[in-house]
Structure formats: C-alpha cells, structure tokens
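Quick note: the sequence shown uses the working numbering, first residue 29, plus one each step.
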Amino acid sequence: MTEDGNPLISPVEVVEAALDGQTDPVPEGYSANALVHASTGQSATCGQLLSVFDPINVLGVAIQHDPSHYLRICEEWSTLDPSRLAVVDVNPSGRDPPAEIRIETVPDAEDLTGIGIAVTQLVKQAAQSDVPTVVCFDSLTPLLQYSDIERCYRFLDTTTNRLNKVCAVSHAHIDPAAHDDQTLQQIATVFDATVRRDDEEWQVSPS
C-alpha cells in the first residue's frame with residue numbers, strides 16, 4: 029500500500045488494464061508510459077490506451093497524422109470527450125484543423141525542444157483540472173528520421189519525466205519495421221513498458 033492507502037500497482041499493470049478495456053483501473057496519482065510497436069492506423073489500440081480513465085483529458089502529439097486523427101478516435105470511443113482534446117500539431121500539412129480542437133503548432137519536426145515545450149504547456153494546463161490526463165505520440169518514427177537517436181532519446185527521457193511528475197499516462201507508437209533492433213531497444217529504455225502484437229493479442233512487458 030502507498031502512504032495514501034492506495035494499492036501498489038506497476039506501470040505494466042496499468043497498461044494491461046487499459047488494453048483489457050478497464051476504465052479507471054488504477055487510483056488517480058499514478059503515471060505510466062508505454063512504447064507501442066504498431067502503426068498509428070491501429071486506432072483501437074490507441075483508443076484503449078487513451079480510455080484508461082473516465083472522464084479524461086486527452087493530449088495528442090500529431091507527428092505523422094493531422095489533428096483530425098485524434099478527433100476521429102474520440103468519436104469512436106464514447107469515453108473520450110472531444111471538448112477535452114488538445115493536440116500538438118507537428119509539421120502541419122497546411123490543412124485547416126478542426127475548429128473544436130485546441131491546437132499548438134510546431135512547424136518543424138526537427139524542433140524537439142519546441143515539441144517538448146508545447147507538450148509541457150498543454151499538460152500543465154490540463155493538470156489544473158481534477159480530471160486525469162493521457163498523452164499519445166502518434167509516431168516516433170518520423171522523429172527518428174529527422175533527428176539522430178541520441179537527440180530523440182534525450183527528448184523522450186525529458187518529456188516522459190515531465191509527464192510522470194504530473195501523473196499523466198502516456199504512450200508512443202513506433203513502426204518496428206522501420207528501425208533496427210538496437211534502435212528499438214534503446215528507445216524502449218525510456219519507457220516503463222513495451223507493447224507488442226503477438227498473433228492476435230497484445231503482449232505487455234517491462235522495458
């Protein structure tokens with residue numbers, strides 16, 4: 029038990045509970061972050077990981093997709109309220125974003141500092157409410173194409189630490205086919221857990 033009387037639960041258990049479809053599986057005040065070996069097209073997985081609490085604030089970091097990607101996920105999952113959605117739009121396509129989404133724009137995917145600042149600002153604002161926050165990075169693969177792995181590692185390490193301090197639950201997608209094993213292993217060390225597809229099931233393991 030924690031000092032507050034809450035049961036001890038590991039980040040891996042938090043992620044497993046979300047993938048099992050449980051809502052509010054852990055007491056507030058916990059944080060967890062996971063690296064998901066999957067394309068961003070698998071919105072069901074993303075929706076499960078974003079629905080870990082109800083109600084919840086959702087922050088999407090749109091690196092590969094446009095902000096409407098997150099609006100569609102919110103529309104597909106009844107536990108996600110679009111009015112509680114904010115998006116960091118990285119390297120925007122020039123299309124007009126949905127008016128109902130609060131958006132912070134970072135014009136260049138190489139600007140990891142700018143991305144980190146935008147994420148931190150939006151998460152801090154969300155943390156002022158009594159509602160927990162979840163964060164999704166739609167793909168780390170473009171960041172690793174624009175910047176070397178050491179810069180990306182430092183960025184992710186700093187960002188996940190900041191998210192942990194405000195008790196946010198986060199996950200980041202990565203395309204395993206686009207990177208060698210060494211890169212995947214190094215990036216995984218930033219995260220509490222790694223999620224992989226095994227046949228028809230998701231497997232969660234400590235990173």
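For glycine and all other residues, C-beta sits at the position ideal for the given N, C-alpha and C.
Strand pairing of residue i, partner residues [DSSP]
i: D117; result: A90, T133
i: V42; result: For V42, which the question treats as bridged, DSSP gives no partner whatsoever.
i: S198; result: N61, V163
i: V223; result: V64, V232
i: N85; result: T161
Residue i vs residue j beta-carbon contact at 7 Å
i: S59; j: A196; result: yes
i: L140; j: F183; result: yes
i: Q76; j: P170; result: no
i: A200; j: L168; result: yes
i: I143; j: V134; result: yes
i: L108; j: V89; result: no
i: S198; j: A216; result: no
i: G118; j: I131; result: For the record, residue 118 in the displayed sequence is Val; it is not Gly. No, Cβ-Cβ distance for V118 and I131 is not below 7 Å.
i: D220; j: N61; result: yes
i: E44; j: V232; result: yes
i: A155; j: V218; result: no
Coil, strand or helix - residue i by DSSP
i: Q231; result: strand
i: M29; result: The predicted position of M29 is uncertain, since its pLDDT is 34 and thus under 50; no value can be drawn from it.
i: D139; result: coil
i: Q149; result: helix
i: P35; result: Confidence in P35 is poor, its pLDDT being 48 and thus under 50, which makes the residue's placement unreliable; the coordinate value appears in the next sentence. Coil at P35, not helix or strand.
i: H207; result: coil
i: G122; result: coil
Interface flag, residue i vs chain D, CB-CB below 7 Å
i: A155; result: Among the chains of the structure shown, chain D does not appear; only one protein chain is present.
Pairing CB atoms from the segment 207-225 with CB atoms from the segment 79-91, are three or more of them under 8 Å?
The segment 207-225 vs the segment 79-91: no contact.
Should the segment 172-179 be regarded as contacting the segment 97-117, the criterion being three or more beta carbon pairs within less than 8 Å?
Judged by Cβ distances under 8 Å, the segment 172-179 makes no contact with the segment 97-117, as fewer than three pairs qualify.
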